[in-house]
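Asker: If you read the sequence shown in the numbering used here, its first letter stands for residue 288, the second for the next number, and so on. Backbone N, C-alpha and C fix where the C-beta goes; we use that ideal spot for every residue, glycine too.
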Amino acid sequence: MLGRWLPYDSMRRNIVLGGVLPLFIILAAIGIMDKIVMPIVTRQGKEFPLPDFNGQRLVEAQISLDNLDLNYVIASEEYSPGKPHGIILNQYPIPGTKVKPGRDIKFVVSLGQKLVPIPNVAGKSVRQAMLELESAGLRLGEIAWAFSDTIPEKVVVFSYPAAESEIPLGSHVNLMVNRGRASTFTYMPNAVGLTLDEAVKRIEDKSLKVGIVSYRINENYLPETVLEQSEPEGTELDVSTEIDLVVSATE
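1) Between the alpha carbons of Asp-525 and Lys-393, how many angstroms are there, rounded?
2) Which of helix, strand or coil does DSSP assign to Lys-488?
3) Alpha carbon to alpha carbon, what distance is there between Thr-473 and Val-403?
4) Please confirm whether Asn-465 and Val-442 have their CB atoms less than 8 Å apart.
5) Tell me whether Met-463 sits in a helix, a strand or coil according to DSSP, three-state version.
6) Extract the residue ranges of the beta strand (DSSP E) inside the segment 354-402, only unbroken runs of 3 or more that lie entirely within it.
7) Less than 6 Å between C-beta atoms, sequence neighbours within five positions excluded: which residues of the same chain meet that for Val-487?
8) Any idea if Thr-512 is buried or exposed, counting beta-carbon neighbours within 10 angstroms, 16 or more meaning buried?
9) With 16 other CB atoms within 10 Å as the buried threshold, where does Ser-363 fall?
10) Assign Pro-476 to one of two classes, buried (16 or more other C-beta atoms within 10 Å of its C-beta) or exposed (fewer than that).
11) Quick check: the segment 335-350 against the segment 374-393, are there 3 or more CB pairs under 8 Å?
12) Is the beta carbon of Ile-504 closer than 8 Å to that of Thr-537?
13) Flag this pair as yes or no: are the beta carbons of Asn-461 and Ala-431 separated by less than 8 Å?
14) At a Cβ threshold of 8 Å, is Thr-482 touching chain D?
15) Can you list, in chain order, the residues of its chain with a C-beta nearer than 6 Å to that of Phe-434? Leave out the 5 residues immediately preceding and following it.
16) Helix, strand or coil for Ile-405, going by three-state DSSP, please let me know.
17) Classify Lys-333 as buried or exposed, calling it buried when 16 or more other Cβ atoms lie within 10 Å of its own Cβ.
18) In terms of residue numbering, what span does the alpha helix (DSSP H) encompassing Val-442 cover?
19) Among residues of its own chain, excluding the 5 on either side of Asp-391, which ones have a beta-carbon nearer than 6 Å to its beta-carbon?
20) Indicate the three-state DSSP secondary structure (helix, strand or coil) for Ser-351 in the structure shown.
21) Return the first residue and the last residue of the alpha helix (DSSP H) that Glu-419 is part of.
22) May I ask you to report which of helix, strand or coil DSSP gives Val-479?
23) In this structure, how does DSSP classify Asp-497 when only helix, strand and coil are distinguished?
24) Between Gln-516 and Leu-481, what straight-line distance do the alpha-carbon atoms span, to the nearest angstrom?
25) Grab me the residues of Arg-489's own chain with a C-beta within less than 7 Å of its C-beta, minus the 5 sequence neighbours each way, in chain order.
26) Would you mind reading off the limits of the beta strand (DSSP E) that contains Thr-471?
27) Using 8 Å as the threshold, is the C-beta distance between Leu-418 and Gly-373 below it?
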């Protein structure tokens, strides 16, 4: 005889135990390797240079991070002039650092331009108004004149933009100042940083005169740039007072 014939049920049991079941185990093992073991091995072994996300919007950077299997954490948020809200200012690790998938990347993100309210300086002297503006992180702008007998002389009538308006930190605030009936006094404008021609015009617009112009070698500024003025900005002066200037020269 070629062999002994097995009953049908016994034959099916042998096939299941000897063929199908081992195949199932093999497929299950492949699945475990593919879904669990390989990602762990990949994450532990594969590194790549971190891209530069500085200057990107956070929503744009997130797309790239997702494609690289990276996460992000906002470490801090800061006000930044000229940088819109949501722009990445800094990152850690720095660009080019070797990282692995799954790494957390820390970002410093811009809150945009900080806005501050304009203090109410009406009824105050120009000097006091300038100090209050500086305390608020603002700067004195142009001074215009009003003529009124019902308001004390030499005091601020109003500011423009108006008090309590919110404007970017470091902005200039212009003042309207009462001169009363007489027009025998004025205020010193800021001429530092202007060209000599611009400074002369600004000084003369305030009914002042340019006095002695001396030169100092300073290669950090373009020639003919005003470095110093003899009277501080906002100083009350008689009309036609002479203002001395120090101007940059290259040699």
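Answerer: The answer reads as follows:
1) 58 Å
2) helix
3) 29 Å
4) yes
5) strand
6) 358-366, 375-379, 391-399
7) Val-497
8) buried
9) exposed
10) buried
11) yes
12) yes
13) yes
14) In the displayed structure, chain D is absent; only one protein chain is listed.
15) Arg-466
16) coil
17) exposed
18) Here Val-442 belongs to no alpha helix (DSSP H), and DSSP marks it neither H nor E.
19) Asn-358, Val-360
20) helix
21) 413-422
22) coil
23) It should be noted that the sequence gives Val, not Asp, for residue 497. Val-497: strand per DSSP, three-state reduction.
24) 11 Å
25) Pro-476, Ala-478, Leu-481
26) It is not in any beta strand (DSSP E) - Thr-471 carries neither H nor E in the DSSP assignment.
27) no
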